[in-house]
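**Q** Below are the structure tokens for one structure; questions will follow.
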Amino acid sequence: MGKIVQIIGPVVDIEFEAGHLPAIYNALRITADAPAATTAERGVGAPAKPDRGAGAPGVKIDVVVEVEQHLGENRVRAVAMKPTDGLQRGMKAIDLGEPISVPVGPETLGRVLNVLGEPVDFPDRPVKSKERWPIHRAPPTLEDQSTDLKMFETGIKVIDLLEPYLQGGKIGLFGGAGVGKTVIIMELIHNIALKHGGVSVFGGVGERTREGNDLWLEFQESGVIDINDPSKSRAALVYGQMTEPPGARLRVGLSALTVAEYFRDAEGKDVLLFIDNIFRFTQAGSEVSALLGRMPSAVGYQPTLLTEMGELQERITSTKKGSITSVQAIYVPADDYTDPAPATTFAHLDATTNLSRAISELGIYPAVDPLASTSRILDPRIIGDEHYEVARQVKQILQRYKDLQDIIAILGIDELS
12 MGKIVQIIGP VVDIEFEAGH LPAIYNALRI TADAPAATTA ERGVGAPAKP
62 DRGAGAPGVK IDVVVEVEQH LGENRVRAVA MKPTDGLQRG MKAIDLGEPI
112 SVPVGPETLG RVLNVLGEPV DFPDRPVKSK ERWPIHRAPP TLEDQSTDLK
162 MFETGIKVID LLEPYLQGGK IGLFGGAGVG KTVIIMELIH NIALKHGGVS
212 VFGGVGERTR EGNDLWLEFQ ESGVIDINDP SKSRAALVYG QMTEPPGARL
262 RVGLSALTVA EYFRDAEGKD VLLFIDNIFR FTQAGSEVSA LLGRMPSAVG
312 YQPTLLTEMG ELQERITSTK KGSITSVQAI YVPADDYTDP APATTFAHLD
362 ATTNLSRAIS ELGIYPAVDP LASTSRILDP RIIGDEHYEV ARQVKQILQR
412 YKDLQDIIAI LGIDELS
């Protein structure tokens, strides 16, 4: 048991007895009954009605924080996973003795969870899973990893032919708003359920709450999620949106990955993991790093950028039991591909899918730009000679068409003859 000695926004310093310091990444729970609102606070004659916000008068405080630093022999610095409104110095913090854990298993399908594994869709219906796994886990060992390079068949012809995905690989999805990212995501989820008997996990990292809600409703309309019968659902959603504290946005990607790891490791399934947006993961890490007082690195990013990205990406791989194939939406700040955030992500990618606004305006969906998209396994030794030759010839024709478009734009169509 410790007590709060300092609160700076989402960062909380907690003091423990000497020799009882919790380990780094351990979860601490701070609970307290907030005092009832006084007459002065609610106004004379106003009913004693609590506000909706956590920490408001009359609302119970229940905040989970994660230990990030040891300060001396009896003090830790932790980052909150929920707003710290209402926390006060002197409040008690209980060491849970383990990292943050989330429910895993088929019970998570069809549900929307937060970084702590709590239900967001129906708060009065907790996820009754048999197991909880910690979000900080070691990647599969070398002997457990599969060395076979297999193509992951998506059922989307332009992807399978021209930029095939690697099973257990990481794919970057580039595209602005309204070019059909959600359409591709839903088609991939539908196809993996139909063809591979697999499941999908969607990690919403630091994106708009409205987009998360729209996706949940679209999943219900398309039958990917059945809120009345979760056993028919083929996807789980884990959200840590823009409104969440930076600690939650930093860890929600790990929570989604942990849910996906269960299906790969315990059930031997092929899992599709979506992360939208991987840039927000880096951004949240930058905020947390500054709050913890670390010296910033290039362009103001955290000095631990490579480590944090590696810890997430190295867990996404194929094992001898199953695989996690990850599709990650990537926002490129100011279209600068040399920025450390996207540049660090590129080092881990096996394929890229670029969505083009020009193609979507022609009404062609999915609006994949085949000449701008790439794949590491577009190699005759992996996909076979016939596939490789057909893909090469298709790209040749498309490139010729693009060259002709440029000529027409300059000279006019009459000059072609």
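For the sequence shown, the positions run 12 to 428 when the numbering used here is used. In this text, a Cβ means the ideal position worked out from N, Cα and C, and glycines have one as well. Just so you know, these numbers come straight off a predicted model, no measurement behind them.
Give the DSSP bridge partners of K14, in chain order.
**A** By 1-based counting over the sequence shown, the position of residue 14 is 3. Note: K14 sits in a beta bridge opposite E26, K103.
**Q** By Cβ distance, which residues of its chain are closer than 6 Å to V310, with the 5 residues on each side in sequence left out?
**A** Residue numbering aside, residue 310 sits at position 299 when the sequence shown is read from its first letter. Correct list, in chain order: P351.
**Q** When the Cα atoms are used, what is the spatial distance from Y412 to D171?
**A** Within the sequence shown, residue 412 is the residue found at index 401, counting from 1. Within the sequence shown, residue 171 is the residue found at index 160, counting from 1. Each residue's alpha carbon lies about 21 Å from the other.
**Q** Please work out which residues of its chain come closer than 6 Å, Cβ to Cβ, to R63, disregarding the five sequence neighbours upstream and downstream, and give them in chain order.
**A** Translated into positions along the sequence shown, residue 63 becomes position 52. With a pLDDT of 49 at R63, under the threshold of 50, the predicted position of this residue should be treated as unreliable, and no value is reported.
**Q** Taking all protein chains shown into account, decide if K243 is buried (16 or more other Cβ within 10 angstroms of its Cβ) or exposed.
**A** Looking up residue 243 in the sequence shown gives position 232. The residue is exposed, with fewer than 16 neighbouring Cβ atoms inside 10 Å.
**Q** G183 and Q339 - do their beta-carbons sit closer together than 7 Å?
**A** On the sequence shown, residue 339 is found 328 positions in, with the first residue counted as 1. On the sequence shown, residue 183 is found 172 positions in, with the first residue counted as 1. Yes.
**Q** In angstroms, rounded to a whole number, what distance separates the CA positions of S157 and I25?
**A** Counting from one through the sequence shown, the residue named residue 157 turns up at place 146. Counting from one through the sequence shown, the residue named residue 25 turns up at place 14. Roughly 43 Å between the two C-alpha positions.
**Q** Can you list, in chain order, the residues of its chain with a C-beta nearer than 6 Å to that of I418? Leave out the 5 residues immediately preceding and following it.
**A** The residue given as residue 418 occupies position 407 in the sequence shown. So no residue of the chain qualifies.
**Q** Is the separation between the beta-carbon of A89 and that of L32 shorter than 7 Å?
**A** To locate residue 89, count along the sequence shown from 1; it is residue 78. To locate residue 32, count along the sequence shown from 1; it is residue 21. Going by C-beta atoms, A89 is not nearer than 7 Å to L32.
**Q** Looking only at DSSP bridge pairs, what is H81 linked to?
**A** Stepping through the sequence shown from its first residue, residue 81 is reached at position 70. V87.
**Q** Checking the sheet assignment: what are the DSSP bridge partners for T42?
**A** If you number the sequence shown from 1, residue 42 lands on position 31. Looking at the DSSP assignment, T42 forms a beta bridge with D73.
**Q** Among V126, Y273, P314, which one has its Cα closest to the Cα of R262?
**A** Position 251 of the sequence shown, counted from the start, is the residue given in the question as residue 262. Ranking the options by Cα distance to R262, first place goes to V126.
**Q** Considering only residues of the same chain and omitting the five flanking positions on each side of E218, which have a CB-CB separation below 8 Å?
**A** To locate residue 218, count along the sequence shown from 1; it is residue 207. Hits under 8 Å: Q252, M253, D287, N288, R291.
**Q** Could you say if the segment 314–330 and the segment 182–197 meet the contact criterion of at least three C-beta pairs nearer than 8 Å?
**A** Not touching, per the Cβ criterion.
**Q** Could you pull the start and end residues of the alpha helix (DSSP H) that V282 belongs to?
**A** Residue numbering aside, residue 282 sits at position 271 when the sequence shown is read from its first letter. Here V282 belongs to no alpha helix (DSSP H); instead the beta strand (DSSP E) covers 281–287.
**Q** Please state the DSSP three-state secondary structure of E142.
**A** On the sequence shown, position 131 is the one that residue 142 refers to. Strand at E142.
**Q** Taking the alpha-carbon positions, what's the E198 to V210 distance?
**A** Here residue 198 corresponds to residue number 187 of the sequence shown, with the count starting at 1. Here residue 210 corresponds to residue number 199 of the sequence shown, with the count starting at 1. Rounded to whole angstroms, E198 to V210 spans 13 Å at the Cα level.
**Q** For I418, report the span of its alpha helix (DSSP H) as first-last.
**A** Along the sequence shown, one-based indexing puts residue 418 at 407. Residues 396–422.
**Q** So for K181, helix, strand or coil by DSSP?
**A** Position 170 of the sequence shown holds residue 181. Correct three-state label for K181: strand.
**Q** Would you give the residue range spanned by the beta strand (DSSP E) that T364 belongs to?
**A** Residue mapping note: residue 364 aligns to position 353 of the sequence shown, counting from 1. 362–365 is the span of the beta strand (DSSP E), which, as asked, contains T364.
**Q** Between the segment 144–159 and the segment 91–102, do three or more beta carbon pairs fall short of 8 Å?
**A** Short answer: they don't touch.
**Q** Between H359 and the rest of its own chain, which residues show a CB-CB distance below 6 Å, the 5 nearest in sequence each way excluded?
**A** Working through the sequence shown from its first residue, we reach residue 359 at position 348. Contacts found: K181, Q324.
**Q** Mind reading off the beta-carbon distance from G116 to E142? Whole number of angstroms is fine, and I expect it under 8 Å.
**A** Taking the first residue of the sequence shown as 1, we reach residue 116 at position 105. Taking the first residue of the sequence shown as 1, we reach residue 142 at position 131. Confirmed, about 6 Å.
**Q** My guess is that S266 and G108 are in contact by the Cβ rule of under 8 Å, so how many angstroms apart are they, rounded?
**A** Stepping through the sequence shown from its first residue, residue 266 is reached at position 255. Stepping through the sequence shown from its first residue, residue 108 is reached at position 97. About 19 Å separates the two Cβ atoms, so there is no contact after all.
**Q** Short check: CB of V74 to CB of I41, under 7 Å?
**A** Taking the sequence shown and counting its residues from 1, one reaches residue 74 at position 63. Taking the sequence shown and counting its residues from 1, one reaches residue 41 at position 30. Taking 7 Å as the Cβ cut-off, V74 and I41 qualify as a contacting pair.
**Q** Measure the beta-carbon distance from L120 to A277 and round it to whole angstroms, keeping in mind my assumption that it falls under 8 Å.
**A** For the purposes of this step, residue 120 is taken as the residue at position 109 of the sequence shown. For the purposes of this step, residue 277 is taken as the residue at position 266 of the sequence shown. In fact, because the Cβ distance is near 14 Å, the residues do not count as touching under 8 Å.
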